[in-house]
DNA sequence: ATATTTGTAGACTGATTAGTCAATCATTAT
DNA sequence: ATAATGATTGACTAATCAGTCTACAAATAT
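Protein chains in written order, with this note's numbering: chain A, 173 to 358; chain B, 173 to 358.
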């Protein structure tokens, strides 16, 4: 399954660089070093390729978010770990993160089933509900909370990507902006 | 200049509904009720049409943001007016707002000159700098502040668009989320 | 009135596109 | 060994695309 991976990897890169509109399948195949037909062997249509790419990438991010977030710790610490993980992943996988955003604000997003969207969001919403029940997080609609947190993270990430920061400086920004967010929601 | 407006209006709608990749100029012309050649009379290329559409729409939003934000009022009140204006505009011009987001997270955004980006952001950054000087807003990089505020607004707007709220409920959400943001940055 | 520019039309084109197909090649199962 | 299955190829096609061109109409200037 080496070629399939190569196609996905190349497609991701080209979509981010040139956009969906200006990335022909022929270019993807060529740059991936496979024949035209091979692409369509693995993906029935260009659209399917795009959708698979999104689901896969989004899943990878979601999985990474919860690494080392052991439930034994305090709610704040777990939340901070998830927060930090997310920004770290975004910084280390800029193309992937940008692709997720590009996809999410495109008409393609409407093709993702509500089930899949809910499935992706569920762990986060559950976590926030726990936080409210424990009277740590302010009582408000979890959907609103979730959107607010996501937007905040997107913002921080945009800022971190806009300039070159040293690792130390970067850590400082992440810590401080976490505190802003945490104070806002608790 | 009726037809030019019609082309822009139709293009906006179609780009949001189908995306850049799946909106041929022929479809825009047809739905706008003009001939194919007319579109290219007003816009040299499809790309130019897209760029003009963005600049125009972004300018309209920026102008609307400052309506009734008289500098005589307190900083908080001015900021709240701008905040409320923005969300109101976004809610009343959902297609336009969505287009701005779609464009901003697409490779087309890279074609906007730094001058134009700075020009659009300048009034906002100046305002924030004043707020910091007046010791009202927390001292931090204005770029970070700006990004954070923008993201917050995008989030609230997304939430407001996700469900149908009554006008009263909507106002309540806007007020409360403003308070969250204001507390966060002051 | 006449000339000039500007707006509008839509048929047309050359290039490009997504996707197909028939034919090999590689791998695994029998 | 032989059969069967899946992977891979690249030439091919039918459709579509952005953009051109010629012609004419309307408005404006001289």
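All C-beta atoms in this analysis are idealised placements derived from N, C-alpha and C, irrespective of residue type, glycine included.
Nearest neighbour of residue i, chosen from the options [CA to CA]
i: residue 306 of chain A; options: A:289, A:182, A:295 and A:248; result: A:248
i: residue 215 of chain A; options: A:193, A:177 and A:191; result: A:177
i: residue 191 of chain A; options: A:230, A:280 and A:264; result: A:280
i: residue 228 of chain A; options: A:292, A:357 and A:350; result: A:292
i: residue 356 of chain A; options: B:341, B:344, B:324 and B:224; result: B:324
i: residue 359 of chain A; options: A:352, A:208, A:274 and A:175; result: What the structure shows of chain A is the stretch from 173 to 358, and residue 359 of chain A is not part of that stretch, so it cannot be assessed.
i: residue 207 of chain A; options: A:189, A:175 and A:314; result: A:175
i: residue 310 of chain B; options: A:226, A:358, A:352 and A:232; result: A:352
i: residue 328 of chain B; options: B:266, B:277, B:314 and B:301; result: B:266
i: residue 224 of chain A; options: A:264, A:262, A:245 and A:272; result: A:272
i: residue 232 of chain A; options: A:261, A:330 and A:341; result: A:261
i: residue 270 of chain B; options: A:268, A:339, A:270 and A:277; result: A:277
i: residue 308 of chain A; options: A:184, A:358, A:245 and A:220; result: A:358
i: residue 339 of chain B; options: B:222, B:184 and B:264; result: B:264
i: residue 184 of chain A; options: A:222, A:322 and A:213; result: A:222
Cβ shell of residue i (< 6 Å), same chain only, five flanking positions each side left out
i: residue 218 of chain A; result: 197
i: residue 226 of chain B; result: 275
i: residue 209 of chain B; result: none
i: residue 268 of chain A; result: 229
i: residue 129 of chain B; result: This structure does not reach residue 129 of chain B, given that chain B is present from 173 up to 358, and the question cannot be answered.
i: residue 301 of chain A; result: 314
Endpoints, alpha helix (DSSP H) assigned at residue i
i: residue 237 of chain B; result: 218-237
i: residue 351 of chain B; result: 339-357
i: residue 206 of chain B; result: Unbroken run through residue 206 of chain B: none, as it is neither H nor E.
i: residue 334 of chain B; result: 314-334
i: residue 308 of chain A; result: Taken as a continuous stretch (DSSP letters only), residue 308 of chain A belongs to no alpha helix (DSSP H), as it is neither H nor E.
i: residue 270 of chain A; result: 266-276
For residue i, three-class secondary structure by DSSP
i: residue 195 of chain A; result: coil
i: residue 245 of chain A; result: coil
i: residue 215 of chain A; result: coil
i: residue 200 of chain B; result: helix
i: residue 240 of chain B; result: coil
i: residue 179 of chain A; result: helix
i: residue 284 of chain A; result: coil
Beta-carbon proximity list for residue i, same chain, < 7 Å, skipping 5 on both sides
i: residue 204 of chain A; result: 178, 179 and 182
i: residue 312 of chain A; result: none
i: residue 348 of chain B; result: none
i: residue 211 of chain A; result: 179, 197, 200 and 201
Close Cβ partners of residue i (< 8 Å) along its chain, the five nearest in sequence each way excluded
i: residue 240 of chain A; result: 253 and 257
i: residue 251 of chain B; result: 299, 303 and 354
i: residue 186 of chain A; result: 195, 199, 200 and 203
i: residue 295 of chain A; result: 234 and 238
i: residue 297 of chain A; result: 314, 315 and 318
i: residue 331 of chain B; result: 345
i: residue 407 of chain B; result: In this structure chain B extends from 173 to 358, so residue 407 of chain B is not present and cannot be described.
i: residue 326 of chain B; result: 273
i: residue 342 of chain B; result: 263 and 332
| query | Quick check: the region 255-273 of chain B against the region 233-243 of chain B, are there 3 or more CB pairs under 8 Å? | reply | Verdict: yes, contact present.
| said: Taking contact to mean 3 or more Cβ pairs, one atom from each stretch, closer than 8 Å, check whether the region 304-318 of chain A and the region 327-342 of chain A are in contact. | reply: Verdict: no, contact absent.
| query | Between the region 281-288 of chain B and the region 281-289 of chain A, do at least 3 Cβ pairs fall closer than 8 Å? | reply | The way I'd put it, the region 281-288 of chain B doesn't touch the region 281-289 of chain A; fewer than three beta-carbon pairs between them come closer than 8 Å.
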